[in-house]
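Heads up, the thing below is written out as structure tokens.
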Amino acid sequence: MAEAPVWSVLVLPVLLGVGAVAALVFDAALAARAAGRPVSASAALSAPLRAVVRLLITQRRTTAAADAVLWRTGVVLVPVLAVLAGSVLPLGGVAVSDLAVGVVWFNAMEILSWAAVWMVGWGPNAALSLVGGYRFVAQGLAYELPHMFALITAATGAGTLRVGGIVEAQSGLWFVVWMPVAFVVYLLSAMAMAFWGPFDAPLGHDLAGGAAGESSGVDRLVFLGGRWLLLVVAVAMAVPLFLGGGGGPWLPGWVWTVLKTAAVLGVVVWLGRRFPTVRMERFAEFAWVVLVPLTVLQALVVALVVLVR
Amino acid sequence: MVTVALFWLFAVGALVSGFLVFRLNSMARVTFALLASFVFVAAEVVLLGLAYLGVVIVLMMVMEMVIMAVFMVMYMMNPAGLMPMAMEHNKTGAAAISVGTFVVLAVGIVLVDWPQRAGMPPPDPTVALGEALMGPHMLTMMTLGVALFATIVATVVLATHRGRYDRWGDDLRVVRADEPVCGGIGR
């Protein structure tokens with residue numbers, strides 16, 4: 010796989026932003042349908058714009074004795090880490106950076122969200138937002154191990170940590186076919202990583218918005234926008250890991266990448282709307298008792314296949 | 015040239031954020047100052063050509079420091095640790111030891127007569143590192159890793175306040191486990 014020229018560093022955030030806006034539009038349409046309102050294309054299309062404008066003109070809320078340094082750091086870190094993680098995403102045959110340790114890089118950048126969301130929860134010096142930050146870390150401890158095992162399974166199957174290498178290893182057979190458990194667990198943990206869907210307890214309504222509860226105005230825009238970017242990046246990584254990357258007949262590679270990413274993203278956004286928020290302690294138990302053994306077994310099967318082959 | 019500039023940037027960053035651990039007055043800021051120091055060190059490791067080690071340091075240290083922040087704040091004297099506080103436990107002593115260790119190591123680096131480089135760096139440092147660490151004992155180490163993991167789980171099971179006899183009754187034949195929290199697997 011080739012590395013894109015240096016200017017692609019500037020293109021990447023734009024592409025990820027387009028993905029995030031597309032996901033937002035779809036989500037707005039789903040929200041309208043769920044609320045029983047007529048689903049109109051214009052309302053759905055303008056939803057992200059309206060949200061952005063509303064947040065831009067909202068006055069910033071201030072709290073007493075806030076830790077502004079950590080708060081702002083956390084807010085800014087979310088979109089930054091999403092873009093950094095996205096730098097190893099291949100679009101067709103090119104990525105901004107095809108690191109030799111791409112999978113580990115991706116996971117390390119994702120993990121920065123732990124620090125970011127905890128800081129956003131800590132910063133305003135408010136109890137409910139702090140509980141939101143704690144929830145994210147508790148959730149992270151539960152999903153990170155299955156997430157790592159899923160990543161390792163794909164890397165083991167390809168025999169490389171290079172994302173381009175993992176895509177090339179799927180030229181014959183997509184990994185999703187013989188590592189379905191890893192694929193499903195990956196998607197679940199990707200949703201949890203972006204605290205989206207059933208895993209949005211850190212921003213829960215029962216906490217008055219949780220970690221983001223005290224953020225308003227531009228802060229809120231950057232934080233929640235970064236969360237959409239993170240969702241897009243985490244979900245898009247499923248394509249090179251398990252769905253053959255840009256592989257497919259007739260169409261060029263980048264079209265296939267976009268199509269597959271859009272399909273998976275659509276499914277994830279839809280699933281996120283379908284399922285209610287899971288409670289932390291239930292998810293923690295499910296992750297440790299069900300997901301970890303399943304992913305270990307999946308990794309074992311893949312390791313045996315690789316050894317025999 | 016760029017590499018040298020980056021080296022100094024990361025080195026100064028690591029030192030400054032490491033020293034901030036003694037200067038800042040909030041547990042949360044101290045934790046993330048320490049994390050920043052580790053990340054700068056990880057960047058130095060990447061500069062050395064050991065991308066895998068460097069990225070893994072970032073991965074592990076972020077998790078570790080966030081968990082540390084959570085526990086330190088939990089166990090602090092102030093409610094939820096939301097008040098400003100200082101690290102009171104032997105602050106000057108710890109600062110003296112840290113600065114002293116740094117000076118000794120830095121002087122050592124300058125004074126030691128380092129050997130000349132023999133040969134070239136391997137094409138894949140990650141593989142070379144794995145070979146150098148494990149050699150033919152990779153399988154042993156993997157087994158050891160799983161054994162360690164099993165030990166951790168067993169220790170937690172043994173140390174947990176509510177064992178299976180609390181949950182399932184004296185003869186382990188209760189239909190529903192007696193749990194303080196409802197919901198979850200099999201409840």
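So the protein sequences, as listed, match chains Y and X.
Going by my numbering, the letters in the first sequence line up with residues 10 to 318, in that order.
Going by my numbering, the letters in the second sequence line up with residues 15 to 201, in that order.
Note that the Cβ used here is the ideal one computed from N, Cα and C, for glycine as well.
Here the structure is a predicted model, which is why all the values come from computation and not from measurement.
Contact check for leucine 61 of chain X against leucine 125 of chain X fails: the beta carbons are separated by 8 angstroms or more.
Judged by DSSP secondary structure, glycine 141 of chain Y falls within the alpha helix (DSSP H) whose first and last residues are 136 to 167. Within its own chain, the residues whose Cβ lies closer than 6 angstroms to the Cβ of alanine 56 of chain Y, once the five positions on either side in sequence are excluded, are Ala37, listed in chain order.
As the crow flies, the alpha-carbon of methionine 77 of chain X is around 23 angstroms from that of alanine 247 of chain Y. The continuous alpha helix (DSSP H) containing tryptophan 279 of chain Y extends over residues 262 to 283. A check of alpha carbon separations from alanine 117 of chain Y across X:Phe163, X:Ala56, X:Ala191, X:Ala28 identifies X:Ala56 as the nearest.
For phenylalanine 52 of chain X, no chain Y residue has a Cβ inside 7 angstroms of its Cβ, as the nearest lies near 12 angstroms away. Rounded to whole angstroms, the separation of the alpha carbons of glycine 206 of chain Y and leucine 240 of chain Y is 10 angstroms. Only those residues of the stretch 25 to 43 of chain X whose C-beta falls short of 7 angstroms from the nearest C-beta of chain Y are listed: Ser40, Ala42, Arg43. With a beta-carbon spacing of about 7 angstroms, leucine 86 of chain Y and alanine 124 of chain Y fall inside the 8 angstroms limit used to define contacts.
In this structure serine 225 of chain Y is in contact with threonine 67 of chain Y, their Cβ atoms being roughly 5 angstroms apart against a cut-off of 8 angstroms. The residues Arg236, Leu239, Leu240, Ala243, in chain order, have a CB closer than 6 angstroms to that of alanine 203 of chain Y in the same chain once the five nearest residues on each side in sequence are set aside. Taking 8 angstroms as the upper bound on Cβ-Cβ separation, chain Y lies near residues Asp138, Thr140 of the stretch 128 to 142 of chain X. Within chain X, the residues placing a beta-carbon under 7 angstroms from that of isoleucine 120 of chain Y are Leu73, Val76, Met77, ordered along the chain. Taking all protein chains in view, the Cβ of lysine 269 of chain Y is crowded by 16 or more other Cβ atoms within 10 Å, so the residue is classified as buried. The DSSP-derived three-state label of valine 48 of chain Y is coil.
Membership of glycine 173 of chain Y in the alpha helix (DSSP H) is indicated by the continuous run 172 to 177. Alanine 201 of chain Y: member of the alpha helix (DSSP H) spanning 189 to 202, first to last residue. Residues of the stretch 55 to 66 of chain X whose Cβ lies closer than 8 angstroms to any Cβ of chain Y, in chain order: Ala65, Tyr66. The Cβ neighbour count for phenylalanine 284 of chain Y, taken over all protein chains shown within 10 Å, is under 16; the residue is labelled exposed. Residue environment analysis places glutamate 223 of chain Y among the buried positions, since at least 16 neighbouring C-beta atoms fall within 10 angstroms of its C-beta.
Counting along the chain, no alpha helix (DSSP H) covers tryptophan 205 of chain Y, and no H or E run does either. Using beta-carbon distances, aspartate 209 of chain Y does not count as an interface residue toward chain X, since no partner is under 8 angstroms. In the three-state DSSP reduction, glutamate 223 of chain Y falls in the coil class, being neither helix nor strand. For leucine 24 of chain Y, no Cβ of chain X is located within less than 8 angstroms of the residue's own Cβ.
Between the alpha carbons of tyrosine 195 of chain Y and threonine 304 of chain Y lies a distance of about 10 angstroms. Under the 8 angstroms criterion on CB atoms, tryptophan 123 of chain Y is classed as interfacial with respect to chain X. Ranked by how close their Cα comes to the Cα of alanine 151 of chain Y, the residues Y:Ala308, Y:Val310, Y:Leu280, Y:Trp297 have Y:Trp297 in first place. The beta carbon of phenylalanine 36 of chain X lies closer than 8 angstroms to those of Met101, Lys105, Ala108, Ala109, Ser112 in the same chain, with the five residues before and after it left out. Judged by DSSP in its simplified three-state form, valine 141 of chain X adopts helix. Membership of proline 22 of chain Y in the alpha helix (DSSP H) is indicated by the continuous run 17 to 43. For alanine 104 of chain Y, the secondary structure class from DSSP, reduced to helix, strand or coil, is strand.
Looking at the DSSP output, glutamate 12 of chain Y bridges to Y:Ala104. Taking C-beta separations shorter than 8 angstroms and ignoring five residues to either side along the sequence, the partners of arginine 178 of chain X in its chain run Leu186, following chain order.
Contact between leucine 73 of chain X and isoleucine 120 of chain Y holds, since their C-beta atoms are separated by about 6 angstroms, short of 8 angstroms. Sixteen is the threshold: since fewer than 16 other Cβ atoms of the shown chains lie within 10 Å of the Cβ of proline 129 of chain X, the residue is exposed.
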